[in-house]
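Trainee: If you use the numbering used here, the sequence shown corresponds to residues 6 to 488, in order.
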Amino acid sequence: MPGNILIVDPIATNRIVRKVKLTEACYQVAQAVDGAEGLAVARLSRPDLILCAAALPDMTPAAFAQSLRQAPQTQSIPLVVETVEPGVDFRYDLLAAGADDILNKPYEDRLLLARLRSLLRVRETAEELNLREGAHRALGLSEEPAGFTGHGRVALVAPTAEAAAEWRDRLSGRLSADIAAHAATEAIRRIVTGAPPDVIAMVLTDTTAESGLQLLADLRAKPETRDAGVLVLIDSAAAQRLAADALDRGASDVITGGVSAREIALRLSRQIIRKQTIDRLRADMRNGLRAALTDPLTGLFNRRYAMPRLADLAAASARGGGDFAAMIIDVDFFKMINDRFGHTAGDGVLTRLAAVLRGTLGDGDLLARIGGEEFLVVLPDASRTAAQMTARRICKTVRETPFHAPGHRRPLQVTVSIGVAFLSDALAARQAYDQPLPPNTDDATPSARPLHQVLLDQADKALYGAKAHGRNRVTLCNTRSAA
6 MPGNILIVDP IATNRIVRKV KLTEACYQVA QAVDGAEGLA VARLSRPDLI LCAAALPDMT
66 PAAFAQSLRQ APQTQSIPLV VETVEPGVDF RYDLLAAGAD DILNKPYEDR LLLARLRSLL
126 RVRETAEELN LREGAHRALG LSEEPAGFTG HGRVALVAPT AEAAAEWRDR LSGRLSADIA
186 AHAATEAIRR IVTGAPPDVI AMVLTDTTAE SGLQLLADLR AKPETRDAGV LVLIDSAAAQ
246 RLAADALDRG ASDVITGGVS AREIALRLSR QIIRKQTIDR LRADMRNGLR AALTDPLTGL
306 FNRRYAMPRL ADLAAASARG GGDFAAMIID VDFFKMINDR FGHTAGDGVL TRLAAVLRGT
366 LGDGDLLARI GGEEFLVVLP DASRTAAQMT ARRICKTVRE TPFHAPGHRR PLQVTVSIGV
426 AFLSDALAAR QAYDQPLPPN TDDATPSARP LHQVLLDQAD KALYGAKAHG RNRVTLCNTR
486 SAA
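(1) What residues are listed by DSSP as bridge partners for Thr480?
(2) Rounded to the nearest angstrom, what separates Val235 and Thr18 at their Cα positions?
(3) To the nearest whole angstrom, what separates the beta carbons of Asp337 and Ser257, a pair I think is in contact under 8 angstroms?
(4) Just the C-alpha distance for Ala200 and Ala222, rounded to the nearest angstrom, thanks.
(5) Given a threshold of 16 other Cβ atoms within 10 Å of its Cβ, counted over all protein chains shown, does Ala297 qualify as buried or as exposed?
(6) Can you tell me where the alpha helix (DSSP H) holding His457 begins and where it ends?
(7) Can you give, in chain order, each stretch of the alpha helix (DSSP H) that sits fully within the stretch 206 to 292 and has at least 4 residues?
(8) What do you get for Gly40, buried or exposed, if any count of 16 or more other CB atoms within 10 angstroms of its CB means buried?
(9) Would you kindly report the start and end of the unbroken alpha helix (DSSP H) that includes Pro385?
(10) What are the boundary residues of the alpha helix (DSSP H) that includes Ile342?
(11) Using the three-state DSSP reduction, which class does Leu61 fall into: helix, strand or coil?
(12) Quick check on His187: buried or exposed, where buried means 16 or more other Cβ atoms within 10 Å of its Cβ?
(13) If you pair each beta-carbon of the stretch 381 to 398 with each one of the stretch 323 to 338, do three or more pairs fall below 8 angstroms?
(14) Could you check which residue in Val264, Asp240, Ile277, Pro91 has the C-alpha nearest to that of Ala163?
(15) Below 8 angstroms on the Cβ atoms is my contact criterion, and I expect Gly103 with Ala70 to pass it. Report the Cβ-Cβ distance as a whole number of Å.
(16) Alpha carbon to alpha carbon, what distance is there between Glu113 and Arg179?
(17) In chain order, what residues of the same chain lie with their CB nearer than 7 angstroms to the CB of Ala473, ignoring the 5 residues before and after it?
(18) Ala288 and Ala350: beta carbons closer than 9 angstroms?
(19) Please confirm whether Ala359 and Phe380 have their CB atoms less than 9 angstroms apart.
(20) Going by DSSP, name the residue or residues bridged to Arg374.
(21) Between the C-alpha atoms of Gln276 and Ala311, what's the straight-line distance to the nearest angstrom?
(22) Got a sec, what are the start and stop residues for the beta strand (DSSP E) Gln36 sits in?
(23) Starting from Ala200, trace the beta strand (DSSP E) both ways and give me its first and last residue.
(24) Evaluate the contact criterion for the stretch 277 to 284 versus the stretch 423 to 432: three or more CB pairs, one atom per stretch, below 8 angstroms.
(25) Cα separation between Arg195 and Pro202?
(26) What does DSSP give as the partner residues of His187 in its beta bridges?
(27) Determine the direct distance from the alpha carbon of Arg20 to that of Arg308, and round the result to whole angstroms.
(28) On the premise that Asp53 lies in contact with Leu84, defined as a C-beta separation below 8 angstroms, what is that separation, rounded to the nearest angstrom?
(29) Contact defined as beta carbons within less than 8 angstroms: I believe Leu99 pairs with Pro66. What is the distance between those atoms, to the nearest angstrom?
(30) Can you have a look at Glu405 and say buried or exposed, based on whether 16 or more other CB atoms are within 10 angstroms of its CB?
(31) Can you have a look at Met341 and say buried or exposed, based on whether 16 or more other CB atoms are within 10 angstroms of its CB?
(32) Answer with yes or no whether the minimum CB distance from Arg74 to chain D is below 9 angstroms.
(33) Give the DSSP bridge partners of Asp106, in chain order.
(34) What are the start and end residues of the beta strand (DSSP E) that includes Asp335?
(35) Determine the extent of the alpha helix (DSSP H) in which Leu49 is found, giving its start and end residues.
(36) Mind checking which residues open and close the alpha helix (DSSP H) that includes Ile21?
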C-alpha cells in the first residue's frame, strides 16, 4: 500500500522529521514550502495523499483545500491537515472546504500512519472502480454516472440505548438520513436483520474500548455491513491509541475529543456519499460485465459466455468419465421471415423464441444465443433418451406457439430444426482421427481441435441432417433418421 506523500509545510524541521518517519514506513515523499508550491507539485505529480500544515505563509489551509478540490487533476487526492488545538468552527470550515481529516499536534506516529493507511485504502478502492467503470463506458457497457441523490441510512451504536438515543437527538435535523439508535450489546443483531446502513457511527469510551473494537471487527466481517462506512467517536484518555487501532481494524473515519454535532453530521454525510458512490460503481461494474456476456435482444447469454462454459464442462466431464448433450437450434426459413415481414418481426420471433426456450428448459441447463438465429442448449448429465425427448418437446412447443408480427393479424408459423450431439460423440470423433497425419496435411481434424468445438461440429452435422430431412425436426449425431 505505501505510496507517494506530499508534505506542505513552511518549516524545514517539520518537513525533515515527517519525511524521515514516512520514509521509514516505505512511503516516497515530496516536499513543498507553501500553498502555491504545494498545489503546483500536486497538479504535476499527482501524489497519493497530501499532509499539510495549517500555518501556510501564502494562504489559509481552507483556501488550499478549496483550490485542491476545484482542479480536476487533484480533486480526489486525500488531504490531512496538521494543526494545534483548533476551535470547533475552524475544524468545521476546514473539513467543509475539502480536508479529509485534521490531526491535532502533538500526535503519535502510529495514529498518523494508521490514518494514512485508511485514506489510501479508500482511494485505491475508488480508483480501481473508477478505472473499470471508465473501461466499461468506453465500450458502451455503462451509462454516464448520475449525481448523488440518495437518502442515507445511519446506524448509531453507543454503550447504552439511552446514550445512542441522545446522540441521535443531537444529529437529528443536521443529517439527511434515517438514524437508528442501538445499544452496543444488541447492535449486530439489529443491524444485520434490518435495512443495511450506509454508515455505522460507534461511540467508544474507556470502559467500552475493547468490546467496541471487537464489535468493529465483527461488523467488518459480516456480509451485510462489511462495505458500510464506519465513523468511530472516541471519548477516552487513550484516544490516539484507540483511534489508531480502530482505523487498522477497518474504521473509515475517527473523531477524538470534543467536536461539534455539525462536524459529526458533515463527516457522516461524506461517508454516506462515499458509500453510495462506491455502491453505484460496483453496480455499474456488475452491470457492465453482465452486458458483456448477454445478448441484448433476447436477454440470453451470448457466445462470449457460452463457449468458455461449454469448454469447461467438456473438459471436466471428459476427466470424470461423464457425458452430456449439446443442441444447436436453428429457426427454419428465418431469412424469409425477415424479407417478408421485416426485421422488426424477425427480432420479435427471436425474442419470443428465447422466452419459449426458457420455459421449456430446467434451471441447470445452459441456454445461449450464439448466432443470428442459432441457439445453443446444453443439458448436463442428460441421457440420449432424455435429450431427444427435450428436443422433441422444444420442436412441438415452438410449432404450437403463435408468433405475432407487427401489422399482421394472423400469427406467423415458426418452426425450428435441432441437432443434438453428446460429449461421447465428440470423443469418438477425436479417437477416429487420432492418428499421424500425412505430410503436408492441414491440421484441421477433430483431434487437433478443442473438445468443445468438436462437440459443436457434431451438433452442427446433426442440424444439417435435420434440415436435409425437411426441417421442423430433431436429428441426433451419427443417426440417419430424423425424429
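For glycine and all other residues, C-beta sits at the position ideal for the given N, C-alpha and C.
Mentor: In terms of the structure at hand:
(1) Walking along the sequence shown from the start, residue 480 turns up at place 475. BP columns for Thr480 point to Gly424.
(2) As a working note, residue 235 is residue 230 in the sequence shown. As a working note, residue 18 is residue 13 in the sequence shown. Approximately 35 angstroms, taken between the alpha carbons.
(3) Looking up residue 337 in the sequence shown gives position 332. Looking up residue 257 in the sequence shown gives position 252. That pair is no contact at about 60 angstroms.
(4) Reading the sequence shown from its first residue, position 195 is the one you call residue 200. Reading the sequence shown from its first residue, position 217 is the one you call residue 222. Answer to the nearest angstrom: the Cα atoms are 20 angstroms apart.
(5) Counted from its first residue, the sequence shown places residue 297 at position 292. It counts as exposed.
(6) Position 452 of the sequence shown, counting from 1, holds the residue named residue 457. Unbroken alpha helix (DSSP H) run through His457: 456 to 473.
(7) 214 to 226, 244 to 253
(8) Here residue 40 refers to the residue found at position 35 of the sequence shown. Gly40 is buried by the Cβ-count criterion.
(9) To locate residue 385, count along the sequence shown from 1; it is residue 380. Run containing Pro385: none in the alpha helix (DSSP H); it sits in the beta strand (DSSP E), 379 to 385.
(10) In the sequence shown, counting from the first residue as 1, residue 342 sits at position 337. From DSSP, the alpha helix (DSSP H) with Ile342 extends over 339 to 346.
(11) Taking the first residue of the sequence shown as position 1, residue 61 is located at position 56. In this structure, Leu61 counts as coil in the three-state DSSP scheme.
(12) Translated into the one-based positions of the sequence shown, residue 187 becomes position 182. Answer is buried; the Cβ neighbour count reaches 16.
(13) yes
(14) In the sequence shown, residue 163 corresponds to position 158, counting from 1. If we check each option's Cα against that of Ala163, Asp240 comes out closest.
(15) Sequence index remark: in the sequence shown, residue 103 carries index 98 (1-based). Sequence index remark: in the sequence shown, residue 70 carries index 65 (1-based). That pair is a contact at about 4 angstroms.
(16) Along the sequence shown, one-based indexing puts residue 179 at 174. Along the sequence shown, one-based indexing puts residue 113 at 108. So the two alpha carbons sit approximately 32 angstroms from each other.
(17) Indexing the sequence shown from 1 puts residue 473 at position 468. Result list for Ala473: empty, nothing under 7 angstroms.
(18) For the purposes of this step, residue 288 is taken as residue 283 along the sequence shown, with counting starting at 1. For the purposes of this step, residue 350 is taken as residue 345 along the sequence shown, with counting starting at 1. Against a cut-off of 9 angstroms, the Cβ pair of Ala350 and Ala288 comes out as no contact.
(19) Locating residue 359 in the sequence shown gives position 354, where the first residue counts as 1. Locating residue 380 in the sequence shown gives position 375, where the first residue counts as 1. Yes, they are a contact pair.
(20) Within the sequence shown, numbered from 1, the residue matching residue 374 stands at position 369. Paired residues: Phe380.
(21) As a position in the sequence shown, residue 276 is number 271, starting the count at 1. As a position in the sequence shown, residue 311 is number 306, starting the count at 1. Going from the Cα of Gln276 to the Cα of Ala311 covers about 40 angstroms.
(22) Working through the sequence shown from its first residue, we reach residue 36 at position 31. Its beta strand (DSSP E) spans residues 33 to 37.
(23) Taking the sequence shown and counting its residues from 1, the one referred to as residue 200 is at position 195. Ala200 -> no beta strand (DSSP E), and no H or E assigned at all.
(24) no
(25) Within the sequence shown, residue 195 is the residue found at index 190, counting from 1. Within the sequence shown, residue 202 is the residue found at index 197, counting from 1. Roughly 11 angstroms separates the two Cα atoms.
(26) Residue mapping note: residue 187 aligns to position 182 of the sequence shown, counting from 1. Answer is Val162, bridged to His187.
(27) Reading the sequence shown from its first residue, position 303 is the one you call residue 308. Reading the sequence shown from its first residue, position 15 is the one you call residue 20. Cα to Cα, Arg308 sits roughly 58 angstroms from Arg20.
(28) Position 79 of the sequence shown, counted from the start, is the residue given in the question as residue 84. Position 48 of the sequence shown, counted from the start, is the residue given in the question as residue 53. Contact flag wrong, Cβ pair sits at about 11 angstroms.
(29) One-based indexing of the sequence shown puts residue 99 at position 94. One-based indexing of the sequence shown puts residue 66 at position 61. With a Cβ gap of about 6 angstroms, Leu99 and Pro66 count as contacting.
(30) Taking the first residue of the sequence shown as position 1, residue 405 is located at position 400. Under this definition Glu405 is an exposed residue.
(31) To locate residue 341, count along the sequence shown from 1; it is residue 336. Answer is exposed; the Cβ neighbour count stays below 16.
(32) Protein chains in the displayed structure number just one, and chain D is not present.
(33) As a working mapping, residue 106 is identified with position 101 in the sequence shown. BP columns for Asp106 point to Val85.
(34) Translated into the one-based positions of the sequence shown, residue 335 becomes position 330. 329 to 336 is the span of the beta strand (DSSP E), which, as asked, contains Asp335.
(35) The residue labelled residue 49 in the question sits at position 44 within the sequence shown. Its alpha helix (DSSP H) spans residues 40 to 50.
(36) Taking the first residue of the sequence shown as 1, we reach residue 21 at position 16. Segment 17 to 29, the alpha helix (DSSP H) holding Ile21.
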